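Asks: Residue numbers (the working numbering): 72 to 930.
What follows is a single structure, and I will ask about it in a moment.
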Amino acid sequence: MLQAAHTVPDINCNVDDPLPILHKYSQSRDLTIASIISQVYTFSSPIRFDRHPSSELQDEVMVVFQSYQYVLALVFAVKQISEDLQILANVTLGFNIYNSNFSPSWTFLASMRLLSMHSTFIPNYKCDMGNIPIAVIGGPDICLHMLNLLSLYKIPQLTYGSAPVMNKETQDVFLQQMFPNEALQHQGILLLLLHFRWTWIGLLSVKDEAGEKFVRDVVPKFSQHGICFDFMEWFPNVAFYSDFMEVMDKGLEIYEVLMKSTTNVIIIFGDLRTMLILRTLLRFSEVEDLGLKEKIWVMPAQMDFTSVSLNRNWDICFIHGALSLSSNSKQVFGFQEFLQSRNPTTEPHDGFIRDFWEQVFDCSFPKSKKQIKRPENLCTGEEKLDTLPTSAFELNMSGHSYNVYNAVYVVAHALQSLHSSKHKQRNWVNLEKQKFQDLQSCQLCPFMRSVSFNNNVGEKISFDRYGEFIGGLDIINWITFPNRSFSKVKVGRIDPFSPPDKIFNIHLEFITWPKNFNQAYPISLCNDHCQRGFRKTKKEGKPFCCYDCLPCPEGKISAKMDTTDCSPCPEDQYPNHNKNSCIPKVITFLSYEDPLGISLAVCALSFAFITSYVLKIFIKHRDTPIVKANNRNLTYIILISLLLSFLCVLLFIGRPNEIVCLLRQPAFGIIFSVAVSCLLAKTIVVVLAFMATKPGSKMRRWVGKKMVSSIVFSCTLVQAIICASWLMTFPPYPDSDKHSVFQEIVLECNEGSVTIFYCVLGFMGFLAIVSFSAAFLARKLPDSFNEAKFITFSMFVFCCVWLSFVPSYLSTKGKYMVAVEIFSILSSSAGLLGCIFAPKCFIILFRPNLNSKHLLMKR
Numbered sequence: 072m073l074q075a076a077h078t079v080p081d082i083n084c085n086v087d088d089p090l091p092i093l094h095k096y097s098q099s100r101d102l103t104i105a106s107i108i109s110q111v112y113t114f115s116s117p118i119r120f121d122r123h124p125s126s127e128l129q130d131e132v133m134v135v136f137q138s139y140q141y142v143l144a145l146v147f148a149v150k151q152i153s154e155d156l157q158i159l160a161n162v163t164l165g166f167n168i169y170n171s172n173f174s175p176s177w178t179f180l181a182s183m184r185l186l187s188m189h190s191t192f193i194p195n196y197k198c199d200m201g202n203i204p205i206a207v208i209g210g211p212d213i214c215l216h217m218l219n220l221l222s223l224y225k226i227p228q229l230t231y232g233s234a235p236v237m238n239k240e241t242q243d244v245f246l247q248q249m250f251p252n253e254a255l256q257h258q259g260i261l262l263l264l265l266h267f268r269w270t271w272i273g274l275l276s277v278k279d280e281a282g283e284k285f286v287r288d289v290v291p292k293f294s295q296h297g298i299c300f301d302f303m304e305w306f307p308n309v310a311f312y313s314d315f316m317e318v319m320d321k322g323l324e325i326y327e328v329l330m331k332s333t334t335n336v337i338i339i340f341g342d343l344r345t346m347l348i349l350r351t352l353l354r355f356s357e358v359e360d361l362g363l364k365e366k367i368w369v370m371p372a373q374m375d376f377t378s379v380s381l382n383r384n385w386d387i388c389f390i391h392g393a394l395s396l397s398s399n400s401k402q403v404f405g406f407q408e409f410l411q412s413r414n415p416t417t418e419p420h421d422g423f424i425r426d427f428w429e430q431v432f433d434c435s436f437p438k439s440k441k442q443i444k445r446p447e448n449l450c451t452g453e454e455k456l457d458t459l460p461t462s463a464f465e466l467n468m469s470g471h472s473y474n475v476y477n478a479v480y481v482v483a484h485a486l487q488s489l490h491s492s493k494h495k496q497r498n499w500v501n502l503e504k505q506k507f508q509d510l511q512s513c514q515l516c517p518f519m520r521s522v523s524f525n526n527n528v529g530e531k532i533s534f535d536r537y538g539e540f541i542g543g544l545d546i547i548n549w550i551t552f553p554n555r556s557f558s559k560v561k562v563g564r565i566d567p568f569s570p571p572d573k574i575f576n577i578h579l580e581f582i583t584w585p586k587n588f589n590q591a592y593p594i595s596l597c598n599d600h601c602q603r604g605f606r607k608t609k610k611e612g613k614p615f616c617c618y619d620c621l622p623c624p625e626g627k628i629s630a631k632m633d634t635t636d637c638s639p640c641p642e643d644q645y646p647n648h649n650k651n652s653c654i655p656k657v658i659t660f661l662s663y664e665d666p667l668g669i670s671l672a673v674c675a676l677s678f679a680f681i682t683s684y685v686l687k688i689f690i691k692h693r694d695t696p697i698v699k700a701n702n703r704n705l706t707y708i709i710l711i712s713l714l715l716s717f718l719c720v721l722l723f724i725g726r727p728n729e730i731v732c733l734l735r736q737p738a739f740g741i742i743f744s745v746a747v748s749c750l751l752a753k754t755i756v757v758v759l760a761f762m763a764t765k766p767g768s769k770m771r772r773w774v775g776k777k778m779v780s781s782i783v784f785s786c787t788l789v790q791a792i793i794c795a796s797w798l799m800t801f802p803p804y805p806d807s808d809k810h811s812v813f814q815e816i817v818l819e820c821n822e823g824s825v826t827i828f829y830c831v832l833g834f835m836g837f838l839a840i841v842s843f844s845a846a847f848l849a850r851k852l853p854d855s856f857n858e859a860k861f862i863t864f865s866m867f868v869f870c871c872v873w874l875s876f877v878p879s880y881l882s883t884k885g886k887y888m889v890a891v892e893i894f895s896i897l898s899s900s901a902g903l904l905g906c907i908f909a910p911k912c913f914i915i916l917f918r919p920n921l922n923s924k925h926l927l928m929k930r
């Protein structure tokens, strides 16, 4: 018994030939053209179908429905050519159909029958030269096997699918494809996956030379473009000798893989019978508790949908939303009417149509040898093909049927070219006087390779020098309906002759997706997209398409999905909270509009006012003993220095500019140096004065105004030299700090040379330490005018402030660094003002009775 997956239409051509399964003309006149699915002959008699009466297999045939359309496409083409007086005038074409059964052995057997006599099967022996085949047409699943044999006899062959794996040097010469280059099909599938960003896919392929070549070519190429395979499985080999249980076990294993897979997209590579196998595999959903998950099937052009009587009532919803490639095809005028006009009544000589009719309409003709399941369901012969669902029979010409149709025309036009050539002109002129036994099939090869014509629908049919069809591919979307019909909607095109950026065109608005996607954009990834703000990181032990998503590190963002690394923002921007975009940084500085700036400015002005008031008091009471004691000129200089120090703070507040940056640090350094040097001079003068009171002391000559002036001038001069060298070598300048504060651009004064800046502070510190040491030694001298105790305490405060300034300054950022320096200036100046002058002001203002020379001397 022939199995469903192995059988194609079975119609005999004559009673002595059990292998041919369609028909041929009753007698041959001059010329023969043959094919495994069709043999094209020259005949004068009309087309006749003869059924073989004695074949034991005939009653067991299970028809593959779609194959019948391929046959009828050939019949329709031959009919048109016969009626066209402009092509092969006075020459009639005929054909035979041979059953391949999807089997290499049957294909070889059919090929050998082409090379033997019709009456007797003796391979490589033919005495009836009129039946020598001129051309052979074969499907993509069988052309390799017929090519191996027929190429030895230099018989030109055409395939209506992609070319097989073959020897380019010895076999390619005799094979022409009615199909674009296979590499274009691979490129089309790749572009389709990349367009939809489907990087996690499955692969099901037939296990033959074509399938293995597809896997070898496609898997590395797809991997280079970032596409991974969740699984790669082979369809079970189904043959006459297959173990049924073994095939079922393998089928169940594949089904479990399909349903448990996390991918939503599966590529199927195969041929006509592959669809039958796939439909059978998916029937496991009705008997296994696994559930049928909808997938998006992506199919190459050599696949087609077909049914047999066994599965014609099966649901076809699994293919809803599928995408496939198809060779460019158009609907040929008159083909549908030709199909609809055929029935067992109008075609009594078609030995195949009764089998097809019974199986596709599920009825039986009277006196049929088959067992009638429902005796009341008799075939009338008047049933209409257009009432059948598309899954049973497709009235629209499919891509393969269109290629078969064009293949017949290629042979006809090649014969026409041969007729028109000067080399054969003499033989064709004498057409009525001699037969064409001397015409060899190899003579047709160069003419077939150079054929170029426009077919009946206006499409140009031509081949390149390698015998490959020049054309593109259509992208087809399959839409199914509840009545087991489907529609093939053209949603795009792959045109290799367009510019590189326009090779792939698709119209998303025309695509219908499977129902479980709710018409949303389908996703097929190993895991969810990494959202913006995250980056991909590889999962150990998983394909490179599988990854984890980690948040971007601080300071970096990812503005796109599925980025492999996060990128930093520009210097003038910073990442937002979600780390998916950059926000412009705020320009900031210690301004008078800032509360901190206002507070510091008010404090500076307040202390300046207090200092001025103290200075006024001291000037007003300049003749009192407490003012005159300890050199009142130095007192004035100290107060003026403190006043300028408080006012110097105002240079640190506001938007930095070149003048402010040049002035503020040197001014602060020099002014403070004057104040501290005056305190040092006061202390040293006190110490020297007491040393000079000892009998015979030589210190008396050092006590005086010159000594004071020398100390103040020399200390100030050193600081002035340091500041001058600073301004001449590495002067401060306005700058912006874009890195210290995360969300801000801080406008600041760059110190130019940090080393010199700390030298200025260091020199002031040196003066303060020396002054502190001198005052500490003189703190117990018995003099009512002695300020050593106050100077000691003030220098202690000064040193504490500036020692704490360094770590505080280095640990703060932005405008707060300026605030720290201002605070240090204010606190150290206020310390000097309070520690030295507060006690004297208290006596002058509140205890004037103590401000007398008599009491001071007494004390």
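Where a beta carbon is used, it is the ideal one built from N, C-alpha and C, also for glycine.
Computed from a prediction, not measured in an experiment: that's the story for all the values here.
1. Taking G470 as part of the alpha helix (DSSP H), name the residues at either end of that continuous run.
2. What's the C-alpha gap between K366 and A393?
3. Is the CB-CB distance between F300 and G273 below 8 Å?
4. Among the residues of its own chain, which have a CB less than 8 Å from the CB of K699, if the five just before and after it don't count?
5. Just the Cα atoms here: how many angstroms apart are V482 and F406?
6. Counting Cβ pairs closer than 8 Å, one from the segment 777-784 and one from the segment 677-691, do we hit at least three?
7. State buried or exposed for M316, treating a residue as buried only when at least 16 other CB atoms are found within 10 Å of its CB.
8. Count the other CB atoms within 10 Å of the CB of L449; is the residue buried (16 or more) or exposed (fewer)?
9. For G282 and S398, which I take to be in contact (beta-carbon distance under 8 Å), what is that distance rounded to the nearest angstrom?
10. Alpha carbons only, please: which of M632, L229, L164 is nearest the one belonging to R268?
11. Nearest CA to the CA of N527: which residue from K401, L145, I741?
12. Helix, strand or coil for S595 per DSSP?
13. Using the C-alpha atoms, what's the distance from F136 back to L143?
14. Which term fits K331, buried or exposed, when burial requires 16 or more other beta carbons within 10 angstroms of its beta carbon?
15. Measuring straight from C-alpha to C-alpha, what distance separates W385 and S521?
16. Check this for me: beta carbons of P655 and K627, under 8 Å apart or not?
17. Going by Cα to Cα distance, which pick from T178, T754, T163 is closest to V841?
18. Pull up the distance between the alpha-carbon of V745 and that of L904, whole angstroms please.
19. Contact check, C674 vs C732 under 8 Å by CB: the rounded distance?
20. With three or more C-beta pairs closer than 8 Å as the rule, is the segment 617-624 touching the segment 592-602?
21. Between V290, F739, K278, which lies nearest to K321 when the distance is taken from Cα to Cα?
22. So is H296 buried or exposed if we call it buried at 16+ other beta carbons inside 10 Å?
23. Let me know the secondary structure DSSP gives G740 once reduced to three states.
24. Tell me whether H391 is buried or exposed, calling it buried when 16 or more other Cβ atoms sit within 10 Å of its Cβ.
25. In three-state DSSP terms, what is S97?
26. Indicate the three-state DSSP secondary structure (helix, strand or coil) for Q256 in the structure shown.
27. Bridge partners for G341 per DSSP, in chain order?
28. For R918, count neighbouring C-beta atoms within 10 Å of its own C-beta (all shown protein chains included) and say buried if the count is 16 or more, exposed if not.
29. Would you kindly report the start and end of the unbroken beta strand (DSSP E) that includes C620?
30. With distances taken Cα to Cα, identify the nearest neighbour of F340 among S276, D375, P291.
31. Do you know whose CA, among F464, S895, E664, S395, lies nearest V562's CA?
32. Identify whether Q411 lies in helix, strand or coil by the three-state DSSP scheme.
33. Which term fits T826, buried or exposed, when burial requires 16 or more other beta carbons within 10 angstroms of its beta carbon?
34. Between the Cα of I168 and those of Y196, A160, S138, spot the shortest distance and give me the residue it belongs to.
35. Would you call the segment 543-558 and the segment 422-431 touching, i.e. three or more CB-CB distances under 8 Å?
36. Which residues bound the alpha helix (DSSP H) around E697?
Replies: On the basis of the data shown:
1. 470-491
2. 8 Å
3. yes
4. R693
5. 20 Å
6. no
7. exposed
8. exposed
9. Not a contact, Cβ separation roughly 20 Å.
10. M632
11. K401
12. coil
13. 12 Å
14. exposed
15. 45 Å
16. no
17. T754
18. 14 Å
19. With 8 Å as the limit, C674 and C732 do not qualify as a contact, their Cβ atoms being about 22 Å apart.
20. yes
21. K278
22. exposed
23. helix
24. buried
25. Since pLDDT at S97 reaches only 28, below the 50 mark, its modelled position is unreliable, and no value is offered.
26. helix
27. None; G341 has no bridge partner.
28. exposed
29. 618-622
30. S276
31. S395
32. helix
33. exposed
34. S138
35. no
36. It should be noted that the sequence gives Ile, not Glu, for residue 697. Its alpha helix (DSSP H) spans residues 696-699.
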